[in-house]
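What follows is a single structure, written as structure tokens, with notes after it.
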Amino acid sequence: MKFVKILNNNIAIVADEAGEDRIVMGCGVAFGKKYGDPVDMTRIERIFTQNVRDLSGKFEALLKEIPDEYLECADRIIAHGKLLLGKELADNLYLSLTDHIFFTVKRCREGMLIHNRLLFETKMIYKEEFQVGMDAVEMMNQQFDINLPEDEAAFLALHFVTATMGTEMNKTLEITKIVQEIRTIIRNFFRIEFQEDSLSYYRMMTHLKFFAQRMALHEGKSDQNADLQLFQMVKERYGQSYRCVERIVEYLQKQYHYTVSDNEKLYLTIHIERIHQN
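Set out below in structure tokens:
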């Protein structure tokens, strides 16, 4: 690999053996380097191979406005998040998280912290990502000598949720909201409090997350067909749970103009029945 353009000491555009542009990141990887110099491969910590032209332009613009220390902080947080989550994260996270950290620290120092209205929902629905957010808050507090509240951990968590799903932040917020609304309908229908440490609850919440994701990303109607005989059997055997599902279906149609398929109704009924039995 050879250097094509130096963005800062730690980020550069390079050309690989096939002449394709890549973005490389690593501590001091581009320090003292110039166009055409060979790249020290041992210093590379991250290689960006997709949407290089778009990413390089965004990195260049970002680095003109934001000091290197914020990108370095984001890099450490992302590395920690990868370790905890064990998932691939979208390259755009390096940009969005750096930008978020910079303005969060700025607002904190100016006494302008924002309350997160989805704090409870994020803690409940995305427990692993929220833990990453809590760890990130501690890292930011130490590095920048600030005192961020728990609300910030939820904001950071949603950045990781977005990066694992490959969606935009507005879709992540919509998915979180949908899951919480369905959960509230179930709780109010049966007038129960959930046993959040139970396996049934974990299974239901996992299903709801994927259901809300499918719903948010494929607006209109789900097209999966159900086993009609099984669907009829479940409706009859789990009548009360199915009536709860009908209430959910009615709400989603009215609120989001989304038509729930029989297949989705089938699985929702089964998961709700398990919760109801507990």
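Under our numbering, the final residue of the sequence shown carries the number 336; numbering is consecutive throughout.
Every residue, glycine too, gets a C-beta built ideally from N, C-alpha and C.
Discussion item. Just to confirm the assignment: which complete alpha helix (DSSP H) runs, minimum length 4, are found wholly within the region 274-331?
Written reply: With a minimum length of 4 residues, the continuous alpha helix (DSSP H) runs that stay inside the region 274-331 are 286-295, 297-314.
Item to complete: Can you grab the Cα-Cα spacing for the pair Arg272 / Glu308, in whole Å?
Response: Here residue 272 refers to the residue found at position 214 when the sequence shown is read from its first residue. Here residue 308 refers to the residue found at position 250 when the sequence shown is read from its first residue. In this structure, the straight-line span from the alpha carbon of Arg272 to that of Glu308 is close to 18 Å.
Worksheet item: Starting from Val62 and walking both ways along the beta strand (DSSP E), at which residues does that stretch end?
Response: Within the sequence shown, residue 62 is the residue found at index 4, counting from 1. Note, Val62: beta strand (DSSP E), 60-66.
Practice prompt. State buried or exposed for Glu196, treating a residue as buried only when at least 16 other CB atoms are found within 10 Å of its CB.
Written response: Position 138 of the sequence shown, counted from the start, is the residue given in the question as residue 196. Taking all protein chains in view, the Cβ of Glu196 is surrounded by fewer than 16 other Cβ atoms within 10 Å, so the residue is classified as exposed.
Item to complete: Please classify Asp95: does DSSP put it in a helix, a strand, or coil?
Response: As a working mapping, residue 95 is identified with position 37 in the sequence shown. Coil, per DSSP.
Item to complete: Would you tell me roughly how many angstroms separate the C-alpha atoms of Thr234 and His173, rounded to the nearest one?
Response: Counting from 1 along the sequence shown, the entry for residue 234 is found at position 176. Counting from 1 along the sequence shown, the entry for residue 173 is found at position 115. Cα atoms of Thr234 and His173: separation of roughly 16 Å, rounded to the nearest angstrom.
Worksheet entry | Whole-Å CB distance - Glu208 paired with Leu177, under 8 Å assumed | Start at 1 with the first residue of the sequence shown, and residue 208 comes out as number 150. Start at 1 with the first residue of the sequence shown, and residue 177 comes out as number 119. Confirmed, about 7 Å.
Worksheet item: The alpha helix (DSSP H) with Val237 in it runs from where to where?
Response: Start at 1 with the first residue of the sequence shown, and residue 237 comes out as number 179. Note, Val237: alpha helix (DSSP H), 227-248.
Worksheet item: In chain order, which continuous runs of the beta strand (DSSP E) of length 3 or greater are located wholly inside the region 148-183?
Response: With a minimum length of 3 residues, no continuous beta strand (DSSP E) run stays inside the region 148-183.
Worksheet item: Hey, would you say Phe252 sits closer than 8 Å to Ile333, going by beta carbons?
Response: The count along the sequence shown starts at 1 and reaches residue 252 at position 194. The count along the sequence shown starts at 1 and reaches residue 333 at position 275. Closer than 8 Å, so yes.
Discussion item. Looking at Met192: is its Cβ nearer than 8 Å to the Cβ of Ala211?
Written reply: Within the sequence shown, numbered from 1, the residue matching residue 192 stands at position 134. Within the sequence shown, numbered from 1, the residue matching residue 211 stands at position 153. Yes, they are a contact pair.
Item to complete: Quickly, what does DSSP pair Phe106 with across the bridge? List them, please.
Response: Here residue 106 refers to the residue found at position 48 of the sequence shown. Ile81, per the DSSP bridge assignment.
Worksheet item: Based on the DSSP secondary-structure assignment, which residues constitute the bridge partners of Val337?
Response: Here the chain covers residues 59 to 336 and nothing more, so residue 337 does not appear.
Discussion item. Less than 8 Å between the beta carbons of Leu121 and Asp149, yes or no?
Written reply: Residue 121 sits at position 63 when you count from the first residue of the sequence shown. Residue 149 sits at position 91 when you count from the first residue of the sequence shown. Cβ distance not < 8 Å, so Leu121 and Asp149 don't count as in contact.
Item to complete: Within the same chain, show all residues whose beta-carbon is closer than 6 Å to that of Cys131, passing over the 5 residues directly before and after it, in chain order.
Response: Taking the sequence shown and counting its residues from 1, the one referred to as residue 131 is at position 73. These residues qualify, in order along the chain: Ile159, Gln201.
Discussion item. Alpha carbons only, please: which of Arg167, Leu214, Leu206 is nearest the one belonging to Glu187?
Written reply: Position 129 of the sequence shown, counted from the first residue, corresponds to residue 187. The option with the nearest alpha carbon to Glu187 is Leu214.
Fill in: Within 8 Å, strictly: CB atoms of Leu206 and Leu216
Taking the first residue of the sequence shown as 1, we reach residue 206 at position 148. Taking the first residue of the sequence shown as 1, we reach residue 216 at position 158. Not closer than 8 Å, so no.
Item to complete: Taking Lys145 as part of the alpha helix (DSSP H), name the residues at either end of that continuous run.
Response: Taking the sequence shown and counting its residues from 1, the one referred to as residue 145 is at position 87. Per DSSP, Lys145 lies in no alpha helix (DSSP H) segment and is marked neither H nor E.
Worksheet item: Relative to the alpha-carbon of Cys302, which residue among Ile244, Leu257, Arg249 has its alpha-carbon at the smallest distance?
Response: Stepping through the sequence shown from its first residue, residue 302 is reached at position 244. Closest option to Cys302, Cα to Cα, is Ile244.
Worksheet entry | For Phe89, the three-state DSSP class (helix, strand or coil) | In the sequence shown, counting from the first residue as 1, residue 89 sits at position 31. Coil.
Practice prompt. Please report how far the alpha carbon of Glu254 lies from the alpha carbon of Tyr260, in whole angstroms.
Written response: Counted from its first residue, the sequence shown places residue 254 at position 196. Counted from its first residue, the sequence shown places residue 260 at position 202. In a straight line, the C-alpha of Glu254 is about 7 Å away from that of Tyr260.
Fill in: Sequence-distant residues of its chain with Cβ nearer than 7 Å to Leu151 (five each side left out)
Counting from 1 along the sequence shown, the entry for residue 151 is found at position 93. Short of 7 Å from the beta carbon of Leu151, and not among the five residues preceding or following it, lie these beta carbons of its own chain, in chain order: Ile136, His217, Ala221.
Worksheet item: Could you check where the alpha helix (DSSP H) with Gln201 kicks off and where it finishes?
Response: Indexing the sequence shown from 1 puts residue 201 at position 143. Under the DSSP assignment, Gln201 falls in the alpha helix (DSSP H) whose first and last residues are 185-202.
Item to complete: Pull up the distance between the alpha-carbon of Lys116 and that of Gly90, whole angstroms please.
Response: Residue 116 sits at position 58 when you count from the first residue of the sequence shown. Residue 90 sits at position 32 when you count from the first residue of the sequence shown. Approximately 23 Å between the Cα atoms of the pair.
Worksheet entry | Nearest-angstrom Cα separation, counted from Leu143 out to Lys185 | Here residue 185 refers to the residue found at position 127 of the sequence shown. Here residue 143 refers to the residue found at position 85 of the sequence shown. Cα to Cα, the separation comes out at about 11 Å.
Worksheet item: What is the DSSP secondary structure of Gly224, counted as helix, strand or coil?
Response: Counting from one through the sequence shown, the residue named residue 224 turns up at place 166. If DSSP states are grouped into helix, strand and coil, Gly224 belongs with coil.
Practice prompt. Within its chain, find whatever has a CB closer than 6 Å to the CB of Glu179; leave out the 5 residues flanking it on each side and keep chain order.
Written response: By one-based count along the sequence shown, residue 179 stands at place 121. Contacts found: Thr234, Gln238.
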